[in-house]
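Structure record follows, encoded as structure tokens.
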Amino acid sequence: MSGNMNLTLKVWRQKDGKSQGKIVDYQVKGISPDMSFLEMFDVLNEDLIKKGETPISFDHDCREGICGMCSMHINGRPHGPKTGITTCQLHMRSFKDGDTIVVEPWRASAFPVVKDLVVDRSAFDRIIQAGGYISVNTGEAPDANAIPIPKKYADEAFDAATCIGCGACVAACKNASAMLFVSAKVSQLALLPQGDAERKQRVESMVDQMNEEGFGACTNTGACSAECPKEISQVNIARLNREYISAKLTSDNI
Amino acid sequence: MILDSKIPDGPIAEKWGKHKFNLKLVNPANKRKYEIIVVGTGLAGASAAASLAELGYKVKAFCFQDSPRRAHSIAAQGGINAAKNYRNDGDSVYRLFYDTVKGGDYRAREANVYRLAEVSRNIIDQCVAQGVPFAREYGGYLDNRSFGGSQVSRTFYARGQTGQQLLLGAYSALSRQIAEGNVTMFTRSEMLDLVMVDGVAQGIVTRNLVTGAIESHAAHAVLLCTGGYGNVFYLSTNAQGSNVTAAWRAHKKGALFANPCFTQIHPTCIPVSGDHQSKLTLMSESLRNDGRVWVPKNEGDKRSPELIPEEERDYFLERKYPSFGNLVPRDVASRNAKEMCDANKGVGASGLAVYLDFSDSVKRNGEPWVKEKYGNLFDMYAQITGENPYKSPMRIYPAVHYTMGGLWVDYNLMTTIKGLYALGECNFSDHGANRLGASALMQGLADGYFVIPYTVGDYLATIGPKPINASHPAFKQAEEDAKAYVNKLLSINGNQTVTHYHRELGKIIWEYCGMARSSEGLNKAKGMIQSLKADFWSNVKVLGEGEELNQSLEKAGRVADFIELGELMIDDALARNESCGGHFRVEYQTEEGEALRNDDDYAYVAAWEFKGDGQAEQLHKEKLVFENVKLTQRSYK
Ligand SMILES: Cc1cc2nc3c(=O)[nH]c(=O)nc-3n(C[C@H](O)[C@H](O)[C@H](O)COP(=O)(O)OP(=O)(O)OC[C@H]3O[C@@H](n4cnc5c(N)ncnc54)[C@H](O)[C@@H]3O)c2cc1C
Ligand code: SF4
Ligand code: FES
Chain A
4 MSGNMNLTLK VWRQKDGKSQ GKIVDYQVKG ISPDMSFLEM FDVLNEDLIK
54 KGETPISFDH DCREGICGMC SMHINGRPHG PKTGITTCQL HMRSFKDGDT
104 IVVEPWRASA FPVVKDLVVD RSAFDRIIQA GGYISVNTGE APDANAIPIP
154 KKYADEAFDA ATCIGCGACV AACKNASAML FVSAKVSQLA LLPQGDAERK
204 QRVESMVDQM NEEGFGACTN TGACSAECPK EISQVNIARL NREYISAKLT
254 SDNI
Chain B
775 MILDSKIPDG PIAEKWGKHK FNLKLVNPAN KRKYEIIVVG TGLAGASAAA
825 SLAELGYKVK AFCFQDSPRR AHSIAAQGGI NAAKNYRNDG DSVYRLFYDT
875 VKGGDYRARE ANVYRLAEVS RNIIDQCVAQ GVPFAREYGG YLDNRSFGGS
925 QVSRTFYARG QTGQQLLLGA YSALSRQIAE GNVTMFTRSE MLDLVMVDGV
975 AQGIVTRNLV TGAIESHAAH AVLLCTGGYG NVFYLSTNAQ GSNVTAAWRA
1025 HKKGALFANP CFTQIHPTCI PVSGDHQSKL TLMSESLRND GRVWVPKNEG
1075 DKRSPELIPE EERDYFLERK YPSFGNLVPR DVASRNAKEM CDANKGVGAS
1125 GLAVYLDFSD SVKRNGEPWV KEKYGNLFDM YAQITGENPY KSPMRIYPAV
1175 HYTMGGLWVD YNLMTTIKGL YALGECNFSD HGANRLGASA LMQGLADGYF
1225 VIPYTVGDYL ATIGPKPINA SHPAFKQAEE DAKAYVNKLL SINGNQTVTH
1275 YHRELGKIIW EYCGMARSSE GLNKAKGMIQ SLKADFWSNV KVLGEGEELN
1325 QSLEKAGRVA DFIELGELMI DDALARNESC GGHFRVEYQT EEGEALRNDD
1375 DYAYVAAWEF KGDGQAEQLH KEKLVFENVK LTQRSYK
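So the sequences go chain by chain: A and B. The first sequence begins at 4 in the numbering used here and counts up one residue at a time. The second sequence begins at 775 in the numbering used here and counts up one residue at a time.
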């Protein structure tokens, strides 16, 4: 079943990290409204290959909004026009026949372009490595029900833990700040009794690493949270700030 | 070749404990002299890499995504089983063991399954300690739900994102070890070959997916944790990159591949909407706890669901299986849905769907209650279909979801190649011919956290900490082979895309080796796959170069391997002249249309040995001995 939407795409093409990139225009025809945005790209890429032109590289894997791999900046918005979803969950029924769609990679100096729409987000991994964990070795754990956790805190921790590490918050922010991402992990672990022992050190190390990676400062514009596909709340940023200040005030790292 | 499963002696409940005691230990001071390669950082790989690094081994871990956090395990929704018996509802290690062996239609190894049930309890403890936010009740204690194939509530969950939370837990443990320098992580790296020296696994060759560089890595042991091969069907619930390449290349180097035709078709997926479709979306089977499955009683009834009165609806699972109802195992639920559609009772535009209806549950418990439990699944359904599932019933249809088959491993998780291990979905070990819901997450983490740290130590202690490096000519040879392979794919320059071949392969396997299989169909499919393979190697078009990020090239290698695997699946399905679990041969069914096993002739693991390109593979049989569970016709009535 093919559809009847015809679109003009303006897509960022860049051979590799060292080359200059530019926007290239493509026409796609016969798009069905039931297709996902990435399936529309599949159609375009199949056409390009048949014509002997290099297909467009883009990151994706699960195609159901959970792995955090897809990352397209669509018409000026990370993950496109709809809120609360990732690029792979966006369907063509959100567009009209004849539309022109501009597609670019995440833009942030901490996320250098690798090729076309693919960027390097390893900075996020390094932030987690700086302290986004609870130091417990396999085998050390007490019985799972030994420490009851009030449902309210468990639920709030869960809400923060749903971050998929996609980087849309950074892409949405005019300062390219990673505060929402960092605050989500800090909050999750701060809300749980298991995370208490390393609480101070964690927030300090993660924030330091964030700064080292070249992410910008947070000026509370709220763009991150508005564009976050998992709707991670700005409340987490406030919590991070509290955690950070109280850690600094009583810091052992002076 | 004699397959030695190395199952320890003694009563089932004492085997693992005794075995652990008998395994050799590596002197703590020597541990850092050993290098271990872990390919894959899903639940199995991340948990193994972290646990081994904690013990002091030097670990190198690999994944093809840009971060270990993105492994396909992230997508698991429904939950993870554990025999905690927090509900006091009669669960026990023995019951979980029993349910799993029975659910697998008596084609799994008893000893492995018992161990799995035993360590399941430690997994939940470990995850909670890592900060995994499992669902809790108001008292602050952990909540449970029930899943298909069991009558107790033993499934722990984190809303509909259990896999995500468990993986992020394992990823955090892995991240800590990376920070401490005990694990070196290679992202955007794909294993292309296994390197063997004197018949023993000694390392791997990878392709750096950004630069295209072919690289060698040496180690004392290699662990494959590379997930399942469901994408052989083209359309499946797996992530786009999920592949069989690592396992298949190891198979071609001598690792036996077990039960390849045992694949699981999951009953609750969103139906196909058109031929543009690139993947299918699963909705957790936990939905079957509160949703009711039905079709119209009358053939060809195309009225919209709210216009079909109660007495004209057939709640076929509740009718046919009164004691398990909507919670029958997956293979049974899927086959029944297919039967209804084959009988022209399917719903929706394509007729290839049945209803999953929450209206009773909404009436009984209210919409907020349903939202709290299943909100994200309902949202996902609405996003994909454009329909509101709170108002009208969802339409569901079975889709490929999981592969029980995989590399053959012994009780220690070692393959038939010394020093090569397989963990998680990549091995065949615990689920027989059908996996119970919420048991894959359990198995991946059991293998990685609680089994491999013991068993690999025994092997390492045996071989000793002799220094190891990639200077042996076998590495050079494997690199040359990998480069030649890449160049071959790039040089064909035919006129069909890789996706074309993948789609064609998927159609063949789904049609002839999917929910129902027959000897006639399978024989036909074998010929079709052989011609597809020949066409691929003369007519595929892969653009670009080897020394760059080249996603078509990555995909081409994966599809080439799927085509070969597809042929082996067909052989395996043909050789198994019985029906069991997900393997339903139409020639072998009971009068009521249930799978008819043949325990006298087929109570074995089929393990296939690669004999060279274009040669028939050789079948080896590991006889399954059941000392604890009595083999019966599975009944969920
Ligand atoms: C939609 C969905 C929902 C599910 N829900 C549940 C559930 O509720 N409960 C349950 O128990 N199970 C569930 N399952 C099954 C379960 O998620 C998987 O079986 C399990 O997560 C597999 O884990 P794994 O670690 O073996 O492999 P994966 O998580 O698939 O990881 C594979 C790893 O291998 C790497 N890799 C693969 N090939 C290569 C290569 N050639 N070179 C380098 N690296 C490679 C990948 O990068 C990745 O890191 C679900 C599955 C699906 C598809
Ligand atoms: S906070 Fe939201 S936008 Fe940022 S990485 Fe996490 S999920 Fe993506
Ligand atoms: S592809 Fe996984 S979130 Fe989009």
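No residue lacks a Cβ here, since even glycine has one placed at the ideal position from N, Cα and C. Note that the coordinates shown come from a computational prediction; the quantities given were computed from them, not determined experimentally.
Using beta-carbon distances, S138(A) counts as an interface residue toward chain B, with a partner under 8 Å. The beta-carbon separation of I34(A) and M43(A), rounded to 5 Å, stays under the 8 Å limit for a contact. Contact between the stretch 930-946 of chain B and the stretch 1272-1287 of chain B is not established, with fewer than three Cβ pairs separated by less than 8 Å. Taken atom to atom, the span from the alpha-carbon of S779(B) to that of P785(B) is near 16 Å. Under DSSP, T958(B) forms a beta bridge with K834(B). Per DSSP, the beta-bridge partners of G24(A) are Q17(A). The three-state reading of DSSP puts G977(B) in strand, counting E and B together. Note on Y912(B): under 16 other CB atoms within 10 angstroms of its CB, so exposed under the neighbour-count rule. Note on geometry: alpha-carbon atoms of L1398(B) and R883(B) lie some 6 Å from one another. Cβ-Cβ distances below 8 Å link I150(A) to P196 and Q197 in the same chain, with the five nearest sequence neighbours on each side left out; the list follows chain order. The set of residues with a C-beta under 6 Å from any non-hydrogen atom of ligand 2 comprises C166(A), I167(A), G168(A), C169(A), G170(A), A171(A), C172(A), L183(A), F184(A), A187(A), C231(A), P232(A), K233(A) and I235(A), given in chain order. Between ligand 3 and the CB of C65(A), the shortest heavy atom gap is smaller than 7 Å. Straight through space, the alpha carbons of D1373(B) and A1349(B) are spaced by roughly 14 Å. Between D1221(B) and G1198(B), the CB-CB gap stays under 8 Å. Beyond the five residues adjoining it in sequence on each side, K118(A) comes within less than 6 Å, by CB distance, of D19 and S60 in the same chain, given in chain order. Judged by their CB atoms, L826(B) and P1227(B) are nearer to each other than the 8 Å cut-off.
For the pair D211(A) and T1190(B), the Cα-to-Cα distance works out to about 48 Å.
Residue pairing from DSSP places Q1270(B) in a beta bridge opposite V1314(B).
When Cβ pairs closer than 8 Å are counted between the two stretches, the stretch 1126-1136 of chain B is seen to touch the stretch 1057-1072 of chain B, the count reaching three or more. Relative to E143(A), the option among D917(B), A947(B) and F930(B) whose CA is nearest is A947(B).
T141(A) has a beta carbon lying within less than 8 Å of a beta carbon in chain B.
Cβ-Cβ distances below 6 Å link L41(A) to H63 and C91 in the same chain, with the five nearest sequence neighbours on each side left out; the list follows chain order. The three-state reading of DSSP puts Y1129(B) in strand, counting E and B together. For I1266(B), there are no C-beta contacts with chain A under 7 Å, since the nearest C-beta of that chain is about 13 Å from it. For D102(A), the nearest beta carbon of chain B is not closer than 8 Å to its own beta carbon. The stretch 1356-1363 of chain B makes no contact with the stretch 1047-1060 of chain B: fewer than 3 CB pairs, one atom from each, lie closer than 8 Å. Remark: the C-beta of C91(A) is in contact range of ligand 3, defined as less than 7 Å to any heavy atom. Residue burial annotation: D128(A) is buried, with at least 16 other C-beta atoms found within 10 angstroms of its C-beta. For N1012(B), the closest C-alpha among the options A856(B), K832(B), A849(B) and I776(B) is that of A849(B).
If you check the C-beta of S1058(B) against ligand 1, you find a heavy atom less than 7 Å away. Proximity of the beta carbon of N982(B) to ligand 1 is not indicated: no heavy atom of the ligand is located closer than 7 Å. If the five residues before and after M1057(B) are omitted, its C-beta is found closer than 6 Å to the C-beta atoms of T1042 and L1151, all from its own chain and listed in chain order. Going by DSSP, K118(A) is part of the beta strand (DSSP E) stretching over V116 to K118. Contacts with chain B at 8 Å (Cβ-Cβ) include M72(A).
Inclusion of S949(B) and Y136(A) in the CB contact set at 8 Å is warranted, their separation being smaller than that value. Where A1380(B) is concerned, the enclosing beta strand (DSSP E) starts and stops at Y1378 to E1383.
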